[in-house]
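Q: Sharing a structure, written as structure tokens. Questions coming.
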């Protein structure tokens, strides 16, 4: 093949930025990560970048935006910079992959989406779970009519350990930080919009987060446009690991997807049968999905088609999350804002 | 053993009355079912009664109430007769096993419970699921501290097929007829009272039940006194059979209990791995529990201890069910009435 | 129903004789156990017999054989009396249910079968596992062609604890006492005869059984008439309980059946996921099958059809067991004797 | 890191050679594949080599052997060249990774091992399954005493489809081609040597392989030095995919490891519960293990320690396979030759 590789710049060299860089380096041959920028760029990050073949390393993300050779950018910087960087990248004619959430402010999200639309560039949002082998399979079965009409959606989504308290402070709260993935999954699987939510929550794990009006244990009830209903339960701390299960019940059957386990070994002993806990960490559980979402983004560019996770898919879960937040505050069900 | 058998009379010879009669005849040797009464008593019922050794058959339940030899009665007649019969039996000094629910009217329940208290007889309510081998095991593990403090309770409870529409009309609605078992399970497993509920529901299976302001698909969110939260999802029609699962998540782990299956056979074929559906029918799934609840009632009498399911245990789920009903009507969360 | 009940006498009031008596008393209404005989009959056994409604209790089994009212006998006495009692009962025109094995001596088995044939009475052998819900299901799937032609049969059959050493002494050895059930299962499931066996075994659990030339851990390889091959593995001591699994692999798929468990509860904890061990004891695991085999025997009499487990089905596994024994002794594969 | 990468040459660019090359390119940074040789080298292979960064491409493997810069070779050529290439590479002072089996001829294997010993280079044999996440875990549990002493080993190993008939012709037969992996697993898991085998087999899938005196369905019984016994069953065609299961039963418990599945999705329908078949293809199932075995080989070189799979580990399964072959021919158990 003689054609040139797609050239990509990454903005933000934190955990997720580095993950994408390494995934591309080892798994996606048609792409070259030309450059990476991080406001906290330092020697050790530089070394890491060079070691995986990224030859340009900046503090200033503008160096990437202004580079004519760059076809697309991955925005992996903190949430409060997302909408600004989307607008800049769109105006520079770059295709954009942006981590979730786009922003906590709906107006700023809309400005970013408008800029993208005007520039006619691709924008994909980083809801990686849509690319998980388990959830992808469920989605296919629903679309193939395996369970008829969807009646009830159940999502269990629990983290192995709560994030640092400093993170909680700026995370936007559990519904915009953690449940947002479940809201996306809810829309993705049912193929319908959430119209109303009711949220309850408690601080059962770490009382210190109460100061930020946040909770660590929550249940959110959902009403969908198509008549289906749903329930999500979240905890910031499942001692047995990362618990990610989904169940979709319909008129013709039920789809249930459990956790992946590190091995299938069972130990039959005098007292119990032991088997392994779910994979502990999200990077382990969703490893493949991070690769596949980037591959899908690249394909959307190369084939000039709509990305699998659009800007609207980025906006909607924020609206649901904001409604859930309001519901928790008021103790009342809250309608999700329309766009 | 030379001692006399405990003598029992059964009021109501419908499906559940006959089930108890047969269970006692074949499984509980220390008890004799002396008599059975049913307002619709007929020749075929009489024959059945004689065939299993019940020698006295009446239309009028008073014959049982007034029989000095009778130690205890099982009330298996329609719900609207329960409180009346409880009062009569209590006043006659009989111990009482009464099918759930006691009544839909809280005042009448309270009158019945007062009569029982005054007469100092035993009263056990027919929440048989507490005696199911799976749920009993979960309860033990919770009490032994296996999962620490309870944070989240999830109940899935789905029937294989909706009841006849005439039954729906008088059933008191899905929350008092079907979910009431789940409300009891919620109290039983958490060991805490439900203080507030929020219910949503839809008519996705059979629109004809709308005329009775009932739904066939529902989600109820629960807040418990001890801070735990819970969610119940119900459907009147799971095509794959009777779906009865519970999950209790706590600070130290999670308990999950699935359905019983008729066999453990798996078929590995060219396209799928096939295994059996859950047991289809509640009498099949809960067969043992019906025997065990009566055994427990008899033991409570013989050992002169409090029954495992008390009159208060009969009242509380009705209060939760009434709150859920009001929540569905008003679209608002509703506090459960205190007693 | 006005018709008279089938009248049965039981010879042998050991564990299995009492089990059948109680199963009939509580589960099989069309049968009356009129009498029971045991050479060691005593007061406590008599009391037990009366308590479940058996009104005639003897030391001498001839009292049952000579009783004109008796339609059928269950032979539950020690193995070395089986063939003699079969002959006596047959000559007296009684139908016969006989526990396995008929005998360890092929000639005596043949004499017994001849007597049965001459008397034209029914004879059913107590291979109860054929009536187990799991194995019955597998058999149906095989007959319905779900896995095509059978290629490989795998049986795992392990006891929770070795029998007392005095029992080992007279048991006929592991192949005639324990594996005999698996040989029957092999014939039942494949629908083909075993033509050659090769057996290896070791004394890994209790060296004291070596004095009786027996082993406690064994693997038997089978060649079937239809070309299929099979392997059985046995242990006298599985610390995790009674382990009874079967796998049948064929040209179109594979059937796998696992153990029954007391509950479906799983405990997710910080270190492992715990679930329950298989049912520990054969009476617990095969409870229903013991009832069903008697029911089937009764039906064979009432419907005048061939029993589901014939005399030949009783003879064949003994021939296989004797071949396995010889193989263990000689270290060579051994052909199974034809009849 | 400034240190030079380990330089490797690959001999044989067939499926497995290319697999290792790609695995190293994308996953093992401390290694550079400098060159690859294949007697059938062609333009398309060259292009592929360059695309993954292999800059030297030869027809003649001697070019690699004679290259002073090369630290180690991977021998991925046909089996009949293995021992010759091992000797050449050893004499040139290269460390060697060689695909299994080393040879079908014991004398030639011994010559190769002698050459390796004399040259004091590392030799690792490609029994990749030892590096499989499931089997590795079982091994750890055994070594940690989780099941006490090993009594019974059961291996099920079935391919999804038979190899081409031309391959069967030169494969050495099912025991040296397919079961050899199971023989290795048997030694690896029990930590004991196989001293005697008994093999039976049939041609149930494709009669045409009979011309090569081969079978497609087989059971092999094993006796181990430490008293344990084992059974392996093989089929060339499991319609449901690649079936790789192991069970190790011991004095304190039992370890069971099942197949990996593409997803955990279950579909509950009106007739069955459907779940996915095992992964279909060995490259898919054992993907990680191929990477890990090379990583282990590289580590053995860098840390100057004995490889995890030694030359003796390469020889022993061939001896067992030859004994199994002889057993099938003679119909008798055969002792495994000692070395």
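Chains as they are written, first to last, in the working numbering: chain S, 136 to 474; chain D, 136 to 474; chain L, 136 to 474; chain U, 136 to 474. We put the CB at the ideal spot given by N, CA and C, even for glycine.
1) Only counting the same chain, and skipping five residues up and downstream in sequence, which positions put a Cβ closer than 6 Å to that of residue 184 of chain L?
2) Quickly, what does DSSP pair residue 354 of chain D with across the bridge? List them, please.
3) What distance in whole Å lies between the Cβ atoms of residue 210 of chain D and residue 146 of chain D, which are believed to be in contact at a cut-off of 8 Å?
4) Measuring straight from C-alpha to C-alpha, what distance separates residue 318 of chain D and residue 217 of chain D?
5) What would DSSP say about residue 427 of chain L, mapped onto helix, strand or coil?
6) Just grab the DSSP bridge partners of residue 144 of chain L for me.
7) Assuming the contact rule is C-beta atoms closer than 8 Å, residue 444 of chain D and residue 265 of chain D should be a hit. Round their C-beta distance to whole Å, please.
8) What three-state label does DSSP hand residue 359 of chain U in the structure shown?
9) Which residues of chain L have a Cβ atom closer than 9 Å to the Cβ of residue 412 of chain S, listed in chain order?
10) Tell me whether residue 230 of chain L sits in a helix, a strand or coil according to DSSP, three-state version.
11) Who are the neighbours of residue 397 of chain D on chain L, taking C-beta pairs under 8 Å?
12) With 7 Å as the threshold, decide whether the Cβ of residue 374 of chain S is near any Cβ in chain L.
13) For a test of the three-state rule: what should DSSP assign to residue 196 of chain D, helix, strand or coil?
14) Below 8 Å on C-beta distance, what does residue 453 of chain L contact in chain D?
15) On the DSSP bridge assignment, give the partners of residue 441 of chain S in chain order.
16) Which residues in chain S sit within 8 Å of residue 161 of chain U, going by Cβ to Cβ distance?
17) If we count the other Cβ atoms within 10 Å of its Cβ and call it buried at 16 or more, is residue 182 of chain D buried or exposed?
18) Please confirm if residue 358 of chain D has its CB atom under 7 Å from at least one CB of chain L.
19) Taking Cβ positions only, does residue 391 of chain U come closer than 7 Å to chain L?
20) Considering only C-alpha positions, which residue in the set U/282, U/326, U/385, U/313 is nearest to residue 354 of chain U?
21) Return helix, strand or coil for residue 328 of chain S, following the three-state DSSP convention.
22) Please check the pair residue 344 of chain D and residue 303 of chain D, which I expect to be a contact at CB under 8 Å, by giving their CB distance rounded to whole angstroms.
23) So, are the CB atoms of residue 297 of chain U and residue 372 of chain U less than 7 Å apart?
24) What three-state label does DSSP hand residue 470 of chain D in the structure shown?
25) Which full runs of the alpha helix (DSSP H) of 4+ residues lie inside the stretch 275-309 of chain D, going along the chain?
26) Is there a Cβ of chain D sitting closer than 7 Å to that of residue 445 of chain S, yes or no?
27) Residues of chain L with CB under 8 Å from residue 276 of chain D, in chain order?
28) Any C-beta of chain U sitting closer than 7 Å to the C-beta of residue 286 of chain L?
29) Using beta carbons (cut-off 7 Å, strictly below), is residue 136 of chain U in contact with chain D?
30) Restricting to Cα atoms, I'd like to know which of L/385, L/157, L/397, L/229 is closest to residue 414 of chain L.
31) Hey, could you find the ends of the alpha helix (DSSP H) residue 349 of chain D is sitting in?
32) Apart from the five residues just before and just after residue 151 of chain S, which ones in its own chain have a Cβ nearer than 7 Å to its Cβ?
33) Using a beta-carbon distance cut-off of less than 8 Å, what residues from the stretch 305-334 of chain D approach chain L?
34) Name the DSSP bridge partner or partners of residue 391 of chain D?
35) Using a Cβ cut-off of 9 Å, pull out every chain D residue sitting near residue 263 of chain L, in sequence order please.
36) Report the rounded CA-to-CA distance for residue 327 of chain L versus residue 288 of chain L, giving the unit in angstroms.
A: If we stick to the structure as given:
1) As a working mapping, residue 184 of chain L is identified with position 49 in the third chain. Taken in chain order, the residues that qualify are 171, 192.
2) In the second chain, residue 354 of chain D corresponds to position 219, counting from 1. D/335, D/368.
3) In the second chain, the residue the question calls residue 146 of chain D occupies position 11. In the second chain, the residue the question calls residue 210 of chain D occupies position 75. Sure, about 5 Å apart at Cβ, within 8 Å.
4) Along the second chain, one-based indexing puts residue 318 of chain D at 183. Along the second chain, one-based indexing puts residue 217 of chain D at 82. Cα to Cα, residue 318 of chain D sits roughly 20 Å from residue 217 of chain D.
5) Sequence index remark: in the third chain, residue 427 of chain L carries index 292 (1-based). In this structure, residue 427 of chain L counts as helix in the three-state DSSP scheme.
6) Translated into the one-based positions of the third chain, residue 144 of chain L becomes position 9. For residue 144 of chain L, the pairing in a beta bridge is given by DSSP as L/170, L/208.
7) Numbered from its first residue, the second chain carries residue 444 of chain D at position 309. Numbered from its first residue, the second chain carries residue 265 of chain D at position 130. That belief holds up - the Cβ atoms of residue 444 of chain D and residue 265 of chain D are roughly 6 Å apart, short of 8 Å.
8) Here residue 359 of chain U refers to the residue found at position 224 when the fourth chain is read from its first residue. Residue state, collapsed to three classes: strand.
9) Here residue 412 of chain S refers to the residue found at position 277 when the first chain is read from its first residue. The CB of residue 412 of chain S comes closer than 9 Å to the CB of 403, 404, 405, 406, 407, 408 in chain L, given here in chain order.
10) In the third chain, counting from the first residue as 1, residue 230 of chain L sits at position 95. Strand.
11) The residue labelled residue 397 of chain D in the question sits at position 262 within the second chain. Among the residues of chain L, those whose CB is under 8 Å from the CB of residue 397 of chain D are 268, 272, following chain order.
12) On the first chain, position 239 is the one that residue 374 of chain S refers to. At least one chain L Cβ lies under 7 Å of residue 374 of chain S.
13) Position 61 of the second chain holds residue 196 of chain D. The three-state secondary structure of residue 196 of chain D, taken from DSSP, is coil.
14) Here residue 453 of chain L is taken as the residue at index 318 of the third chain, counted from 1. Near residue 453 of chain L there are no residues of chain D at all, since even the closest Cβ is about 29 Å away, more than 8 Å.
15) Residue 441 of chain S sits at position 306 when you count from the first residue of the first chain. For residue 441 of chain S, no pairing in a beta bridge is given by DSSP.
16) For the purposes of this step, residue 161 of chain U is identified with residue 26 of the fourth chain, where counting begins at 1. Neighbours of residue 161 of chain U on chain S, chain order: 161, 162.
17) Counting from one through the second chain, the residue named residue 182 of chain D turns up at place 47. When all chains shown are included, residue 182 of chain D counts as exposed.
18) Within the second chain, residue 358 of chain D is the residue found at index 223, counting from 1. No, no contact with chain L.
19) Here the question's residue 391 of chain U lines up with position 256 in the fourth chain. The C-beta of residue 391 of chain U comes no closer than 7 Å to any C-beta of chain L.
20) Start at 1 with the first residue of the fourth chain, and residue 354 of chain U comes out as number 219. When C-alpha distances from residue 354 of chain U are compared across U/282, U/326, U/385, U/313, the shortest belongs to U/313.
21) For the purposes of this step, residue 328 of chain S is taken as residue 193 along the first chain, with counting starting at 1. Coil.
22) Sequence index remark: in the second chain, residue 344 of chain D carries index 209 (1-based). Sequence index remark: in the second chain, residue 303 of chain D carries index 168 (1-based). The beta carbons of residue 344 of chain D and residue 303 of chain D sit about 5 Å from each other, so the pair counts as a contact at 8 Å.
23) Working through the fourth chain from its first residue, we reach residue 297 of chain U at position 162. Working through the fourth chain from its first residue, we reach residue 372 of chain U at position 237. One thing to note: residue 297 of chain U has its Cβ within 7 Å of the Cβ of residue 372 of chain U.
24) The residue labelled residue 470 of chain D in the question sits at position 335 within the second chain. Looking at residue 470 of chain D - three-state DSSP - the assignment turns out to be strand.
25) Within the stretch 275-309 of chain D, the runs of alpha helix (DSSP H) at least 4 residues long that lie entirely inside it are, in chain order, 300-305.
26) Stepping through the first chain from its first residue, residue 445 of chain S is reached at position 310. At a cut-off of 7 Å between C-beta atoms, residue 445 of chain S does not count as an interface residue with respect to chain D.
27) Taking the second chain and counting its residues from 1, one reaches residue 276 of chain D at position 141. Listed along chain L, the residues sitting closer than 8 Å to residue 276 of chain D by beta-carbon distance are 400, 402.
28) Numbered from its first residue, the third chain carries residue 286 of chain L at position 151. It does: the Cβ of residue 286 of chain L has a partner Cβ on chain U nearer than 7 Å.
29) Walking along the fourth chain from the start, residue 136 of chain U turns up at place 1. In this prediction, residue 136 of chain U has a pLDDT of 32, which is less than 50 and means its spatial position is unreliable; nothing more can be read from the coordinates.
30) Numbered from 1 along the third chain, position 279 holds the residue referred to as residue 414 of chain L. It is L/397.
31) In the second chain, counting from the first residue as 1, residue 349 of chain D sits at position 214. Unbroken run through residue 349 of chain D: none, as it is neither H nor E.
32) Taking the first chain and counting its residues from 1, one reaches residue 151 of chain S at position 16. Answer for residue 151 of chain S: 211, 234, listed in chain order.
33) Result list empty, no residue passes.
34) Within the second chain, numbered from 1, the residue matching residue 391 of chain D stands at position 256. In the DSSP output, where bridge partners are listed per residue, residue 391 of chain D has D/382, L/401.
35) Sequence index remark: in the third chain, residue 263 of chain L carries index 128 (1-based). The contacting residues do not exist; residue 263 of chain L stays about 16 Å from chain D at best.
36) Numbered from its first residue, the third chain carries residue 327 of chain L at position 192. Numbered from its first residue, the third chain carries residue 288 of chain L at position 153. If I take the Cα positions, the gap works out to 12 Å.
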